[in-house]
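Student: Here it is, the structure in full.
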């Protein structure tokens, strides 16, 4: 098998004095959709933030396409071709929808055009001139995902895109993720909702207390639920 | 049109014009402060000293290099802006992780040092700076004589304020700036070099102060205290307009200049304090300022 696109070994991270990741290791191959499952506070969001360099001190190794990311500033990590969509969505209130969409600079050729993004998310086109935060929760989520597709980054880190959304919108987000996979994007998804995760992912890493406790393929997930229950029970 | 409300018209219009001119400087300076505060979260107390440096650099260019007003208007903001870049890189940027108060104390101290050094070198009596010949003389407006240079200051200040506003509200760079004001970490995670943006924003805000200093040189005498006298009022303007609001600082700057001018006509005793009275009232009724978001 080829070298993983993202190869994380012994990743540790801190927020000030608080030690949030204790040696996370995971591999993501190009074209895969991977989820990080686990309860609140298990370290899923911290893992994404640590990959982007948004935590405090980090240690260990994050190889992206063979290049070490651990010492880089967030903007240089993004420029290497990783795009991040935060849990709180990060839509800017002082920017309209178009400005929000055009904000992340292109880091590589081959990103989606604005028209393609509007085809994926027709709602956004109608709201192009609205202030970003006047959108509904679902529209904000589409905008948050849409704007990182323009940049040409091929690895997307999505933090709980289904959170707090109506089931019909969650289904639309699910379709979008499958569509992105078919277009060759690689996705690392944080989820609490493993039913949703099951519909989009190839493989799951289960986290607890800042560590990876188990890894299961999507096919194994249903039969492993008993074993994983202690990590996933809500 | 000899009298308005029992006030001789030339007096009224004269004070209105003076108010408008002071307002132009309030607007330019508070605009720079607002831009810097929005992006860096630092209240730049060096602003007055940087305004004064603009005037002194203009004076020095004329007397040591023979470069006149127009060159000064172009070059002094660049020179002082670069000094601002240096200050941000070597000192202010080290304080971002601490409380705002440290940035305030640092910039206050640097301002005092600059003022002291200039006073040591040039004395405190003030140096003359002539109005450029192209802008000397006065227009007869029928109801009053309008010195050309004063009209020029008001127009240029307005143009500079509108240009700054357009850059911030209507350009790509401006959208980066607005976004980084809201959430710098996320903007950086999109691949934008936010630390460099902060440096350049500080440099631009300082350059704007120096630009105002060059404009002021022929009106006020060029002296080390010219900035600290003005900056106290400008901080009141910023508080009234709302910290960090671009449009608010411009409108409030011009508005309060006019209020001050009118007070000089109708109740001269209060003219030195009227802005602070307005500030107290605004703080009581709208603590976030007239244009600030609470």
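Protein chains in written order, with the numbering used here: chain F, 1 to 234; chain V, 1001 to 1294. Think of the CB as a built atom: it goes at the ideal place given N, C-alpha and C, for glycine as much as any other residue. Note that the structure is a prediction, hence the values are computed from the model and not measured.
So what does DSSP say about residue 1288 (chain V), is it helix, strand or coil?
Tutor: Coil at residue 1288 (chain V), not helix or strand.
Student: Hey, is residue 1189 (chain V)'s beta-carbon within less than 8 angstroms of any beta-carbon in chain F?
Tutor: Closer than 8 angstroms: yes.
Student: In chain order, what are the residue ranges of uninterrupted beta strand (DSSP E) at least 3 long that sit wholly in the region 1141 to 1173 of chain V?
Tutor: Those beta strand (DSSP E) runs which fall completely within the region 1141 to 1173 of chain V and span 3+ residues are 1145 to 1147.
Student: Residues of chain V with CB under 7 angstroms from residue 86 (chain F), in chain order?
Tutor: Those are 1186, listed as they occur along chain V.
Student: Would you say residue 1175 (chain V) reaches chain F, if we count a Cβ-Cβ gap shorter than 8 angstroms as a contact?
Tutor: It does; some Cβ of chain F falls within 8 angstroms.
Student: Determine the extent of the beta strand (DSSP E) in which residue 27 (chain F) is found, giving its start and end residues.
Tutor: 18 to 28 is the extent of the beta strand (DSSP E) around residue 27 (chain F).
Student: Just to confirm before moving on: does the CB-CB distance between residue 206 (chain F) and residue 160 (chain F) stay below 8 angstroms?
Tutor: Not in contact: residue 206 (chain F) and residue 160 (chain F) (Cβ atoms no closer than 8 angstroms).
Student: Mind listing which residues of the region 1270 to 1282 of chain V have their C-beta closer than 7 angstroms to chain F's C-betas, in chain order?
Tutor: If the cut-off is 7 angstroms between Cβ atoms, the region 1270 to 1282 of chain V has nothing near chain F.
Student: Using CA coordinates, which residue listed in V:1012, V:1015, V:1055 is at the minimum distance from residue 1212 (chain V)?
Tutor: Minimum Cα distance to residue 1212 (chain V) is reached at V:1055.
Student: Is the separation between the beta-carbon of residue 1070 (chain V) and that of residue 1132 (chain V) shorter than 8 angstroms?
Tutor: Contact: yes.
Student: Could you name the residues that DSSP lists as bridge partners for residue 236 (chain F)?
Tutor: Here chain F has residues from 1 to 234 only, and residue 236 (chain F) is not among them.
Student: Taking 8 angstroms as the threshold, find out whether the region 1003 to 1011 of chain V comes into contact with the region 69 to 85 of chain F through three or more Cβ pairs.
Tutor: With a cut-off of 8 angstroms, the region 69 to 85 of chain F and the region 1003 to 1011 of chain V do not count as touching, because too few Cβ pairs lie within range.
Student: Please check the pair residue 1257 (chain V) and residue 1026 (chain V), which I expect to be a contact at CB under 8 angstroms, by giving their CB distance rounded to whole angstroms.
Tutor: Indeed they touch by this definition, with Cβ atoms about 6 angstroms apart.
Student: Going by DSSP, what residues sit across from residue 1071 (chain V) in a beta bridge?
Tutor: According to DSSP, residue 1071 (chain V) bridges with nothing at all.
Student: Check whether the Cβ atoms of residue 1216 (chain V) and residue 1275 (chain V) sit closer than 8 angstroms, and answer yes or no.
Tutor: Not in contact: residue 1216 (chain V) and residue 1275 (chain V) (Cβ atoms no closer than 8 angstroms).
Student: What are the start and end residues of the beta strand (DSSP E) that includes residue 214 (chain F)?
Tutor: Per DSSP, residue 214 (chain F) belongs to the beta strand (DSSP E) from 211 to 217.
Student: At a Cβ cut of 8 angstroms, what residues of the region 41 to 64 of chain F count as close to chain V, listed as they run along the chain?
Tutor: If the cut-off is 8 angstroms between Cβ atoms, the region 41 to 64 of chain F has 52, 53, 54 near chain V.
Student: Quick check on the DSSP output: the beta strand (DSSP E) that includes residue 36 (chain F) runs from which residue to which?
Tutor: 33 to 37 is the span of the beta strand (DSSP E), which, as asked, contains residue 36 (chain F).
Student: Give me the Cα-Cα distance between residue 6 (chain F) and residue 1082 (chain V), rounded to the nearest whole angstrom.
Tutor: Taking the straight line joining both Cα atoms gives about 41 angstroms.
Student: Where residue 168 (chain F) and residue 232 (chain F) are concerned, what is the direct C-alpha to C-alpha distance, given to the nearest angstrom?
Tutor: For residue 168 (chain F) and residue 232 (chain F), the distance between alpha carbons rounds to 24 angstroms.
Student: In chain order, which continuous runs of the beta strand (DSSP E) of length 3 or greater are located wholly inside the region 1184 to 1236 of chain V?
Tutor: As far as the region 1184 to 1236 of chain V is concerned, it has no whole beta strand (DSSP E) run of at least 3 residues.
Student: Starting from residue 1011 (chain V), follow the alpha helix (DSSP H) in both directions and report where the run begins and ends.
Tutor: Start and end: 1009 to 1040.
Student: I want to see whether chain V comes within less than 8 angstroms of residue 75 (chain F), judged by CB atoms only; does it?
Tutor: Taking Cβ atoms only, chain V reaches closer than 8 angstroms to residue 75 (chain F), which makes this a yes.
Student: Tell me, to the nearest whole angstrom, how far the beta carbon of residue 197 (chain F) is from that of residue 72 (chain F); I am working on the premise that it is less than 8 angstroms.
Tutor: Actually they do not touch by this definition, with Cβ atoms about 29 angstroms apart.
Student: Residues in its own chain within less than 7 angstroms of residue 1282 (chain V) by CB, not counting five upstream and five downstream?
Tutor: The residues are 1240, 1289, 1290.
Student: Taking the runs of the alpha helix (DSSP H) that are 4 residues or longer, which of them lie wholly in the region 149 to 196 of chain F?
Tutor: Counting only runs of 4 or more, we get 167 to 182.
Student: Taking CB distances under 8 angstroms as the criterion, tell me whether residue 1194 (chain V) reaches chain F.
Tutor: Interface residue, yes.
Student: Cα-Cα, which of F:65, F:121, F:122, F:108 is closest to residue 153 (chain F)?
Tutor: Nearest C-alpha to residue 153 (chain F): F:108.
Student: According to a CB-to-CB cut-off of less than 9 angstroms, which residues of the region 1112 to 1136 of chain V neighbour chain F?
Tutor: Within the region 1112 to 1136 of chain V, no residue has a Cβ that lies closer than 9 angstroms to any Cβ of chain F.
Student: Along the alpha helix (DSSP H) that carries residue 1102 (chain V), what are the first and last residues, could you check?
Tutor: Taken as a continuous stretch (DSSP letters only), the alpha helix (DSSP H) holding residue 1102 (chain V) covers 1100 to 1122.
Student: At least one CB of chain V closer than 8 angstroms to the CB of residue 92 (chain F): is that the case?
Tutor: Yes, contact with chain V.
Student: Which residues of chain F have a Cβ atom closer than 8 angstroms to the Cβ of residue 1041 (chain V), listed in chain order?
Tutor: Going along chain F, no residue has its Cβ under 8 angstroms from residue 1041 (chain V), so there is no contact; the nearest lies around 16 angstroms.
Student: Taking CB distances under 8 angstroms as the criterion, tell me whether residue 13 (chain F) reaches chain V.
Tutor: Judged by the 8 angstroms Cβ criterion, residue 13 (chain F) is not in contact with chain V.
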